[in-house]
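Input: a single structure, listed below in structure tokens.
Residue numbers (the working numbering), protein chains in the order written: chain A, -12 to 100; chain B, 6 to 118.
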């Protein structure tokens, strides 16, 4: 979920388990969404994106689900590995003349071996 | 693959110094962005550029300027560095201005003493 203040929400899972990271987005007009992964001391890395005409999109070991009714986005990671440990955050854009990506503050995923 | 590079990973400067942060992308992207990232505040847009020599202010442009003389290069300038500009600076680029993925560089951790 979204962070409040200085402390990120955290999710701790065992290696091999599936992970689900959630994001509540703010703008009902948003029609493009991205998930990023950011490892400590590095720049955000694109994982997967989805447009509002879809409710599900799959990548390699990752699935993004979009529920426009409740303005909710989730990232599912299958068979989580230690290398998946990072901060994950979502971004939304309403397109058209709005160039800005609005970023969530992220969730810290820790994978225990 | 998109590659966005930043000139320095770590930088230490003194208050009042003029600081240049350089960013280069190799995918012929029209749009380039500068963000800063601070704990609890997430990513905040400083400036962006949608074409050579074109620039627009983002959400927090005060104390910064930018330069885009060539399509592949976008520079962020701190005219007179201050301690409150200590932060992680991230450059990004995208093909389309809206509704498109922004690809990030590795970041520059700037400390102003």
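Built from N, CA and C at the ideal position, the CB exists for glycine as well.
Measuring CB to CB, does residue i end up less than 8 Å from residue j?
i, j, result
"residue 73 of chain A", "residue 43 of chain A", "no"
"residue 28 of chain A", "residue 109 of chain B", "no"
"residue 11 of chain A", "residue 58 of chain A", "yes"
"residue 8 of chain B", "residue 31 of chain B", "yes"
"residue 94 of chain A", "residue 13 of chain A", "no"
"residue 87 of chain B", "residue 80 of chain B", "no"
"residue 64 of chain A", "residue 9 of chain A", "no"
"residue 82 of chain A", "residue 104 of chain B", "yes"
"residue 102 of chain A", "residue 39 of chain A", "Shown here, chain A extends from -12 to 100; a query on residue 102 of chain A therefore has no answer."
"residue 96 of chain B", "residue 38 of chain B", "yes"
"residue 7 of chain A", "residue 22 of chain A", "no"
What separation, rounded to the nearest whole angstrom, lies between the Cα atoms of residue i and residue j?
i, j, result
"residue 16 of chain B", "residue 117 of chain B", "8 Å"
"residue 159 of chain B", "residue 80 of chain A", "The requested residue 159 of chain B does not occur in the structure, where chain B is confined to residues 6 to 118."
"residue 35 of chain B", "residue 85 of chain A", "16 Å"
"residue 51 of chain A", "residue 99 of chain A", "23 Å"
"residue 16 of chain A", "residue -1 of chain A", "32 Å"
"residue 113 of chain B", "residue 28 of chain B", "10 Å"
"residue 24 of chain B", "residue 115 of chain B", "10 Å"
"residue 12 of chain B", "residue 44 of chain B", "23 Å"
"residue 41 of chain A", "residue 60 of chain A", "12 Å"
"residue -9 of chain A", "residue 77 of chain A", "Low local confidence applies: a pLDDT of 33 at residue -9 of chain A is under 50, so the model's placement there is unreliable, with the coordinate-based value given in what follows. Taking the straight line from one Cα to the other gives about 15 Å."
"residue 93 of chain B", "residue 111 of chain B", "10 Å"
"residue 89 of chain B", "residue 49 of chain A", "38 Å"
"residue 98 of chain B", "residue 1 of chain A", "35 Å"
"residue 78 of chain B", "residue 75 of chain A", "28 Å"
"residue -3 of chain A", "residue 87 of chain A", "27 Å"
"residue 91 of chain B", "residue 83 of chain B", "11 Å"
Can you find the residues in the same chain that come closer than 8 Å, C-beta to C-beta, to residue i, ignoring five residues on each side of it along the sequence?
i, result
"residue 65 of chain B", "41, 49, 50, 51"
"residue 14 of chain B", "111, 112, 113, 114"
"residue -5 of chain A", "74, 92, 93, 94, 95"
Assuming the contact rule is C-beta atoms closer than 8 Å, residue i and residue j should be a hit. Round their C-beta distance to whole Å, please.
i, j, result
"residue 47 of chain B", "residue 92 of chain A", "4 Å"
"residue 26 of chain B", "residue 55 of chain B", "Between residue 55 of chain B and residue 26 of chain B the Cβ distance is about 19 Å, and since that is not below 8 Å, they are no contact."
"residue 67 of chain A", "residue 3 of chain A", "7 Å"
"residue 106 of chain B", "residue 33 of chain A", "5 Å"
"residue 33 of chain B", "residue 60 of chain B", "Not really, about 19 Å apart at Cβ, beyond 8 Å."
Spell out the partners DSSP gives residue i in its beta bridges.
i, result
"residue 99 of chain A", "A/1"
"residue 59 of chain B", "B/56"
"residue 19 of chain A", "A/38, A/80"
"residue 52 of chain A", "A/43, A/61"
"residue 70 of chain B", "B/82"
"residue 118 of chain B", "Residue 118 of chain B is not bridged to any residue."
"residue 50 of chain B", "B/40"
Can you list, in chain order, the residues of its chain whose CB lies under 7 Å from that of residue i, leaving out five sequence neighbours each side?
i, result
"residue 37 of chain A", "20, 44, 51, 53"
"residue 22 of chain B", "86"
"residue 18 of chain A", "38, 39, 81, 82"
"residue 100 of chain B", "34, 35"
Give me, in chain order, the residues of the same chain whose beta-carbon lies closer than 6 Å to that of residue i; leave out the 5 immediate sequence neighbours on both sides.
i, result
"residue 47 of chain A", "none"
"residue 68 of chain B", "none"
"residue 18 of chain B", "24, 86, 117"
"residue 26 of chain A", "73"
Q: With 8 Å as the limit, tell me which residues of the stretch 6 to 24 of chain A have their beta carbon closer than that to any beta carbon of chain E; keep them in chain order.
A: Of the protein chains in this structure, namely A and B, none is chain E.
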